[in-house]
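Undergrad: One structure, pasted below without further comment.
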Amino acid sequence: MFTTGRGRLVALGAVVVGAAIALSGCATSNPLATGAATPAGGTLIVGSQAYYSNEIVAEIYSQALENGGFKVDRQFKIGQREVYLPEIEAGKIDVFPEYIGSLDQALNKTAAGGVEDAVYKDLTSVLPKGLRVLKPAEAADQNSWTVTEAFAKKWKLTDIASLKNVTDPIIVGGNSELETRPYGPTALKSKYGITTAGFSAVEDSGGPLTVKALVDNKIQLANIYTADPNIKSNNLVALKDPDGLFFPDNIAPVVSKKVTDKAAAILDKVDAKLSQSDLVSLNSESVNDQKSADVIAKDWLTKNGLLK
Amino acid sequence: MNWIVNNLPQVWQLTLQHLATSLPPIALSFVISVPIGWAANRFRWSRGFLLTVFALLYAVPSLPLFFVLPALIGTGLRDSVNVVIALTLYGVALMARSTADGLESVDPDIQLSATAMGFSGWTRFWRVELPLAGPVLLAGIRVVAVSTISLTTVGAVLGIPSLGILFTDGFQRGIVAEILTGIVVVIAIALLVDALLVQIGRLLMPWGRADATASTGRLDRRARRAAAA
Amino acid sequence: MNFFVEAIAWILDPRHYGGENGIDTRIVEHLVISFGVVLVAALIAVPLGYAIGHTGRGRAAAIALSGGIRALPTLGLLILIALGVGIGLTAPFIALVVLAIPSILAGAYSGFEAVDRRTIDAARSVGMTEWQVVGRVEVPLGLPLLIGGLRAASLQVIATATLADYVGGGGLGHFLFLGLKTNDYPQVLAGSFVVILLAIVSEILFGVIQRLVIPAGVSAGMSTNVRVRSPRSQAATG
Numbered sequence: 001m002f003t004t005g006r007g008r009l010v011a012l013g014a015v016v017v018g019a020a021i022a023l024s025g026c027a028t029s030n031p032l033a034t035g036a037a038t039p040a041g042g043t044l045i046v047g048s049q050a051y052y053s054n055e056i057v058a059e060i061y062s063q064a065l066e067n068g069g070f071k072v073d074r075q076f077k078i079g080q081r082e083v084y085l086p087e088i089e090a091g092k093i094d095v096f097p098e099y100i101g102s103l104d105q106a107l108n109k110t111a112a113g114g115v116e117d118a119v120y121k122d123l124t125s126v127l128p129k130g131l132r133v134l135k136p137a138e139a140a141d142q143n144s145w146t147v148t149e150a151f152a153k154k155w156k157l158t159d160i161a162s163l164k165n166v167t168d169p170i171i172v173g174g175n176s177e178l179e180t181r182p183y184g185p186t187a188l189k190s191k192y193g194i195t196t197a198g199f200s201a202v203e204d205s206g207g208p209l210t211v212k213a214l215v216d217n218k219i220q221l222a223n224i225y226t227a228d229p230n231i232k233s234n235n236l237v238a239l240k241d242p243d244g245l246f247f248p249d250n251i252a253p254v255v256s257k258k259v260t261d262k263a264a265a266i267l268d269k270v271d272a273k274l275s276q277s278d279l280v281s282l283n284s285e286s287v288n289d290q291k292s293a294d295v296i297a298k299d300w301l302t303k304n305g306l307l308k
Numbered sequence: 001m002n003w004i005v006n007n008l009p010q011v012w013q014l015t016l017q018h019l020a021t022s023l024p025p026i027a028l029s030f031v032i033s034v035p036i037g038w039a040a041n042r043f044r045w046s047r048g049f050l051l052t053v054f055a056l057l058y059a060v061p062s063l064p065l066f067f068v069l070p071a072l073i074g075t076g077l078r079d080s081v082n083v084v085i086a087l088t089l090y091g092v093a094l095m096a097r098s099t100a101d102g103l104e105s106v107d108p109d110i111q112l113s114a115t116a117m118g119f120s121g122w123t124r125f126w127r128v129e130l131p132l133a134g135p136v137l138l139a140g141i142r143v144v145a146v147s148t149i150s151l152t153t154v155g156a157v158l159g160i161p162s163l164g165i166l167f168t169d170g171f172q173r174g175i176v177a178e179i180l181t182g183i184v185v186v187i188a189i190a191l192l193v194d195a196l197l198v199q200i201g202r203l204l205m206p207w208g209r210a211d212a213t214a215s216t217g218r219l220d221r222r223a224r225r226a227a228a229a
Numbered sequence: 001m002n003f004f005v006e007a008i009a010w011i012l013d014p015r016h017y018g019g020e021n022g023i024d025t026r027i028v029e030h031l032v033i034s035f036g037v038v039l040v041a042a043l044i045a046v047p048l049g050y051a052i053g054h055t056g057r058g059r060a061a062a063i064a065l066s067g068g069i070r071a072l073p074t075l076g077l078l079i080l081i082a083l084g085v086g087i088g089l090t091a092p093f094i095a096l097v098v099l100a101i102p103s104i105l106a107g108a109y110s111g112f113e114a115v116d117r118r119t120i121d122a123a124r125s126v127g128m129t130e131w132q133v134v135g136r137v138e139v140p141l142g143l144p145l146l147i148g149g150l151r152a153a154s155l156q157v158i159a160t161a162t163l164a165d166y167v168g169g170g171g172l173g174h175f176l177f178l179g180l181k182t183n184d185y186p187q188v189l190a191g192s193f194v195v196i197l198l199a200i201v202s203e204i205l206f207g208v209i210q211r212l213v214i215p216a217g218v219s220a221g222m223s224t225n226v227r228v229r230s231p232r233s234q235a236a237t238g
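So the protein sequences, as listed, match chains G, R and E.
Note that the UniProt record's numbering gives residue 307 to position 307 of the first sequence, counting from 1, and the numbers run on in steps of one.
Note that the UniProt record's numbering gives residue 179 to position 179 of the second sequence, counting from 1, and the numbers run on in steps of one.
Note that the UniProt record's numbering gives residue 160 to position 160 of the third sequence, counting from 1, and the numbers run on in steps of one.
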């Protein structure tokens with residue numbers, strides 16, 4: 001009995017240890033994993049946020065670059081800015097679709113804001129060495145204070161300042177970090193004297209759950225991105241922002257030194273065509289038609305004659 | 001269902017990534033828990049301490065662990081090694097107790113007979129105690145496997161690729177089919193790996209079926225209890 | 001290691017107490033969610049587990065179901081329910097109840113099964129009715145294993161309730177998400193520490209309860225037979 005038991009035990013041990021070694025090797029060298037390894041020269045690494053709209057733009061950049069003869073390594077869905085910014089700074093990502101206002105605020109805590117040109121200029125001055133921001137597109141996906149149409153009518157709301165008309169308690173909803181952002185509830189208080197009654201954290205970046213909470217009147221004021229197709233389909237109103245509380249968030253690629261003039265020219269051409277209404281409909285194709293990013297990107301590039 | 005048809009390649013790729021991050025922790029926690037279980041069983045005084053420490057590891061919320069670990073061990077935030085280590089810790093937290101219980105379940109009379117037959121402590125452990133603890137170990141590793149495969153999804157909140165990406169992405173886009181697909185595939189993988197472990201167990205331990213229901217033997221009851229943990 | 005010091009300082013900072021976002025408020029929220037969840041899960045799982053344990057029927061189904069539920073990723077379930085019911089406590093509550101059920105169910109039926117068949121036969125032979133067998137024999141003797149199941153469930157729920165804030169459910173997860181998104185490591189660590197602390201308290205409480213509920217006759221029997229089965233292993237189920 002002990003002899004057979006021993007043979008089996010050795011087999012068991014061998015299987016387990018072998019599997020462990022094989023699999024851990026597999027995990028670290030897995031080509032699909034978003035490791036930090038830099039592929040061979042000539043390949044551009046394109047990154048994206050973990051945000052479907054950003055991913056579509058990254059996919060558009062990738063396909064345009066591939067069409068221009070460049071090799072592209074896609075490293076998409078890399079969390080939020082806090083996670084990927086250090087990697088861009090370290091030169092581990094070569095092309096990343098960014099939003100100029102938000103990036104400016106992340107890099108320069110005392111950024112003054114203003115119109116698109118001013119923000120772009122400030123951004124170029126604070127970018128870490130070795131990085132460039134190419135020309136921004138017309139398309140912008142910026143933060144907004146959004147309410148339902150009914151709520152806007154009831155309190156005669158047009159711009160952010162008019163929120164003062166509201167005498168009922170206002171519950172604010174958005175990602176948890178909104179509470180600490182320079183345009184968050186504290187800014188409403190200090191800039192416009194608007195007091196909010198509470199904050200509901202919903203971690204879907206102004207997605208369907210936030211919209212649902214707004215429509216269900218569980219929250220009254222939400223931070224929703226202006227290119228979100230939900231604004232139109234749910235009859236929401238993004239309050240006007242004449243004082244520039246939110247920075248203009250036009251899309252522009254942040255690129256590393258590995259991006260040559262030829263590659264930059266390709267990206268510039270893409271951004272020259274990317275209009276605000278295009279961005280909304282790209283997002284709508286993702287959310288409403290449930291298409292995948294590569295299909296949406298290819299269709300848009302073909303439609304705009306950017307693929308040879 | 002539109003979504004599934006449009007995104008099959010992505011689901012397949014995420015499934016592979018999911019397996020690549022969840023299988024190593026399962027194997028590693030089995031290997032690592034053997035010396036811990038042995039120590040807990042060999043040195044009575046250490047048992048309570050060791051098992052409590054590892055049980056509490058399980059209480060560490062997974063989300064911050066995924067985030068804090070890279071800062072502690074100096075890996076990149078997006079490195080899948082972080083998730084492998086974190087999941088291994090959880091696996092060991094569950095498995096250490098199973099191993100200790102399994103070794104304890106071995107009848108003292110059998111240990112005495114083995115010693116009487118001339119086994120040294122070392123060979124007795126590998127050739128008598130560990131194999132006899134097999135059913136309890138198997139029950140333990142099955143729980144570890146299933147919960148690890150399910151827990152791997154949490155890394156998606158930080159952007160670490162796994163089937164959990166289908167949850168976060170589906171959440172933002174409001175696509176129920178995407179979320180449902182993620183849930184179904186995770187459960188399918190878990191049940192598949194579980195069935196595989198049962199088969200391995202049958203192959204290696206024909207003398208005792210871990211899932212026997214008729215026997216009320218002490219060993220068997222322990223196996224069940226470990227499964228209940 | 002510096003983060004740890006900062007995290008402790010963060011917890012001790014009096015400015016982080018009081019108000020909607022105070023540590024105290026979030027702890028209360030977290031405990032209320034966790035306690036409510038375990039209570040509801042127990043109300044569902046204990047009668048079911050007892051029925052399975054007493055009759056011996058449906059055990060295979062219960063094991064298969066528990067295995068399936070264990071494999072169910074809580075994050076996915078949470079998001080799925082939330083898309084249906086909206087923000088707030090409802091979605092995390094349901095998802096956590098589902099998470100808690102397998103451990104409690106297993107504790108309940110394995111507690112009954114662990115009772116020696118001869119003891120039950122003896123109870124019947126002294127004239128006990130079925131209900132008396134359940135109430136006076138199986139329930140008290142199965143209590144340590146049931147408490148073990150509740151202990152495991154509570155630990156899981158306390159740790160996982162951090163996900164509630166992902167869909168606007170509040171609790172200590174708020175510090176984790178806020179800290180993660182704003183790169184505030186000390187806050188993330190501080191939030192985690194408080195969660196771990198709650199888990200430790202829960203473990204200790206259940207450990208004490210587990211010892212208290214062992215019927216006097218059983219513990220007396222065990223102490224004379226300690227060589228074969230130590231009381232600790234009897235209690236060790238978590």
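Built from N, CA and C at the ideal position, the CB exists for glycine as well.
If the cut is a Cβ gap below 7 Å, which residues of chain E does R/GLY74 touch?
TA: Here the question's residue 74 of chain R lines up with position 74 in the second sequence. Residues of chain E passing the Cβ test: none, with the nearest at roughly 13 Å.
Undergrad: Is E/GLY36 helix, strand or coil by DSSP?
TA: Reading the third sequence from its first residue, position 36 is the one you call residue 36 of chain E. Looking at E/GLY36 - three-state DSSP - the assignment turns out to be helix.
Undergrad: Given a threshold of 16 other Cβ atoms within 10 Å of its Cβ, counted over all protein chains shown, does G/ALA37 qualify as buried or as exposed?
TA: Locating residue 37 of chain G in the first sequence gives position 37, counting from the first residue. For G/ALA37, the predicted model reports a pLDDT of 40, less than 50, meaning its position is unreliable; a value from the coordinates is still stated below. Exposed, by the Cβ-count rule.
Undergrad: What ranges does the alpha helix (DSSP H) occupy inside the stretch 137-223 of chain G, keeping only unbroken runs of at least 4 residues that lie completely in it?
TA: 149-154, 185-192, 208-215
Undergrad: To the nearest angstrom, how far is the alpha carbon of E/ALA51 from that of E/TYR109?
TA: Stepping through the third sequence from its first residue, residue 51 of chain E is reached at position 51. Stepping through the third sequence from its first residue, residue 109 of chain E is reached at position 109. So the alpha carbons of these two residues sit roughly 8 Å apart.
Undergrad: In chain R, what lies closer than 7 Å to E/THR162 by C-beta?
TA: Counted from its first residue, the third sequence places residue 162 of chain E at position 162. What E/THR162 touches in chain R, judged by beta-carbon distance under 7 Å, is PRO61, LEU63, going in chain order.
Undergrad: For G/LEU178, I'd like the list of residues in its chain whose CB is within less than 7 Å of its CB, leaving aside the five on either flank, ordered along the chain.
TA: Locating residue 178 of chain G in the first sequence gives position 178, counting from the first residue. Result list for G/LEU178: GLY184, ASN223, in chain order.
Undergrad: Of all the CB atoms in chain E, is at least one closer than 7 Å to the CB of R/PHE54?
TA: Within the second sequence, numbered from 1, the residue matching residue 54 of chain R stands at position 54. Judged by the 7 Å Cβ criterion, R/PHE54 is not in contact with chain E.
Undergrad: With distance defined between alpha-carbon atoms, name the residue in G/GLU82, G/LYS92, G/SER48, G/ILE170 nearest to residue 243 of chain E.
TA: Chain E is shown only over 1 to 238; residue 243 of chain E falls outside these bounds and no answer can be derived.
Undergrad: Between E/PHE177 and chain G, is there a C-beta pair that is closer than 7 Å?
TA: Along the third sequence, read from residue 1 onward, the residue named residue 177 of chain E stands at position 177. E/PHE177 counts as touching chain G.
Undergrad: Can the beta-carbon of G/ILE88 be found less than 7 Å from the beta-carbon of G/ILE45?
TA: Within the first sequence, residue 88 of chain G is the residue found at index 88, counting from 1. Within the first sequence, residue 45 of chain G is the residue found at index 45, counting from 1. In this structure, G/ILE45 does not lie closer than 7 Å to G/ILE88 by Cβ.
Undergrad: Cβ of R/THR153 within 7 Å of Cβ of R/SER147?
TA: Your numbering for residue 153 of chain R matches position 153 in the second sequence. Your numbering for residue 147 of chain R matches position 147 in the second sequence. The answer is no: Cβ separation not under 7 Å.
Undergrad: For G/PHE70, I'd like the list of residues in its chain whose CB is within less than 7 Å of its CB, leaving aside the five on either flank, ordered along the chain.
TA: Within the first sequence, residue 70 of chain G is the residue found at index 70, counting from 1. Same-chain partners within the cutoff: LEU44, ALA263.
Undergrad: Tell me whether R/PHE49 is buried or exposed, calling it buried when 16 or more other Cβ atoms sit within 10 Å of its Cβ.
TA: For the purposes of this step, residue 49 of chain R is identified with residue 49 of the second sequence, where counting begins at 1. Exposed, because fewer than 16 other Cβ atoms sit within 10 Å of the Cβ of R/PHE49.
Undergrad: List, in order along the chain, the chain R residues whose C-beta lies closer than 8 Å to that of E/LEU189?
TA: In the third sequence, residue 189 of chain E corresponds to position 189, counting from 1. Residues of chain R passing the Cβ test: PRO64, VAL68.
Undergrad: Counting C-beta neighbours from all protein chains within 10 Å, is the total for G/GLN49 16 or more, i.e. buried, or is it exposed?
TA: Here the question's residue 49 of chain G lines up with position 49 in the first sequence. Only buried fits G/GLN49, as 16 or more other CB atoms lie within 10 angstroms of its CB.
Undergrad: Relative to the C-alpha of R/LEU203, which candidate in R/VAL157, R/LEU151, R/PRO135 has its C-alpha closest?
TA: Position 203 of the second sequence, counted from the first residue, corresponds to residue 203 of chain R. Nearest of R/VAL157, R/LEU151, R/PRO135 to R/LEU203, Cα basis: R/PRO135.
Undergrad: I want to see whether chain E comes within less than 7 Å of G/LEU209, judged by CB atoms only; does it?
TA: Here residue 209 of chain G refers to the residue found at position 209 when the first sequence is read from its first residue. So yes, G/LEU209 belongs to the interface.
Undergrad: Quick check on R/VAL84 - is its C-beta less than 7 Å from some C-beta in chain E?
TA: Mapped onto the second sequence, residue 84 of chain R falls at position 84. Not one chain E Cβ lies under 7 Å of R/VAL84.
Undergrad: Using 8 Å as the threshold, is the stretch 104-117 of chain R in touch with the stretch 65-82 of chain R, meaning 3 or more CB pairs across them?
TA: no
Undergrad: Taking the C-alpha atoms as reference points, what is the distance between R/VAL53 and E/VAL213?
TA: Residue numbering aside, residue 53 of chain R sits at position 53 when the second sequence is read from its first letter. Residue numbering aside, residue 213 of chain E sits at position 213 when the third sequence is read from its first letter. Near 24 Å, if we compare the C-alpha coordinates of E/VAL213 and R/VAL53.
Undergrad: Can you give me the Cβ contacts of G/ALA22 inside the same chain, cut-off strictly under 7 Å, excluding the 5 residues immediately before and after it?
TA: Against the first sequence, residue 22 of chain G aligns to sequence position 22. Since pLDDT at G/ALA22 reaches only 44, below the 50 mark, its modelled position is unreliable, and the value read off the structure follows with that caveat. There are no such residues.
Undergrad: Show which residues of chain G have a CB atom less than 7 Å away from the CB atom of R/GLN172.
TA: Residue mapping note: residue 172 of chain R aligns to position 172 of the second sequence, counting from 1. In chain order: TYR51, TYR52, ASP204, SER205, GLY207.
Undergrad: Roughly how many angstroms separate the alpha carbons of R/ASN6 and G/VAL202, rounded to a whole number?
TA: By 1-based counting over the second sequence, the position of residue 6 of chain R is 6. By 1-based counting over the first sequence, the position of residue 202 of chain G is 202. Rounded to whole angstroms, R/ASN6 to G/VAL202 spans 28 Å at the Cα level.
Undergrad: So which residues of chain E does G/SER200 contact, with C-beta pairs closer than 9 Å?
TA: Residue 200 of chain G sits at position 200 when you count from the first residue of the first sequence. Residues of chain E passing the Cβ test: ILE87, GLY88, GLY168, GLY170.
Undergrad: Going by beta carbon distance, what residues of the same chain come within less than 8 Å of E/GLY22, once the five residues before and after it are set aside?
TA: Indexing the third sequence from 1 puts residue 22 of chain E at position 22. Excluding sequence neighbours, E/GLY22 sits near HIS16.
Undergrad: Nearest CA to the CA of E/VAL98: which residue from E/PHE3, E/LEU89, E/ALA153, E/GLY135?
TA: Here residue 98 of chain E is taken as the residue at index 98 of the third sequence, counted from 1. Closest by alpha carbon: E/ALA153.
Undergrad: Does any residue of chain E bring its CB to less than 7 Å from the CB of G/THR180?
TA: Here residue 180 of chain G refers to the residue found at position 180 of the first sequence. It does; some Cβ of chain E falls within 7 Å.
Undergrad: Just verifying my parser: in three-state terms, what is the DSSP assignment at G/ALA238?
TA: Residue numbering aside, residue 238 of chain G sits at position 238 when the first sequence is read from its first letter. In this structure, G/ALA238 counts as strand in the three-state DSSP scheme.
Undergrad: Using a C-beta to C-beta distance shorter than 7 Å, which residues of chain R count as neighbours of G/ILE78?
TA: The residue given as residue 78 of chain G occupies position 78 in the first sequence. By Cβ distance, chain R contributes ARG78, GLY159.
Undergrad: Buried or exposed, going by whether 16 or more other CB atoms sit within 10 Å of the CB of E/PHE206?
TA: Stepping through the third sequence from its first residue, residue 206 of chain E is reached at position 206. With 16 or more other Cβ atoms within 10 Å, it is buried.
Undergrad: Please tell me whether R/GLU178 and R/LEU166 are closer than 7 Å, where the distance is taken between their beta carbons.
TA: What you label residue 178 of chain R is simply residue 178 of the second sequence in a count that begins at 1. What you label residue 166 of chain R is simply residue 166 of the second sequence in a count that begins at 1. Yes, the Cβ-Cβ distance between R/GLU178 and R/LEU166 is below 7 Å.
Undergrad: 7 Å is my cut-off, CB to CB: does G/VAL287 come that close to chain R?
TA: Position 287 of the first sequence holds residue 287 of chain G. Interface residue, yes.
Undergrad: Name the DSSP beta bridge partners of G/VAL72, please?
TA: For this step, residue 72 of chain G is matched to residue 72 along the first sequence. BP columns for G/VAL72 point to G/LEU44.
Undergrad: Sort G/GLU116, G/ARG181, G/LEU301 by Cα distance to G/PRO248 and report the nearest one.
TA: One-based indexing of the first sequence puts residue 248 of chain G at position 248. When each option's Cα is compared against that of G/PRO248, the closest is G/GLU116.
Undergrad: According to DSSP, simplified to helix, strand and coil, what is R/ALA177?
TA: Start at 1 with the first residue of the second sequence, and residue 177 of chain R comes out as number 177. In this structure, R/ALA177 counts as helix in the three-state DSSP scheme.
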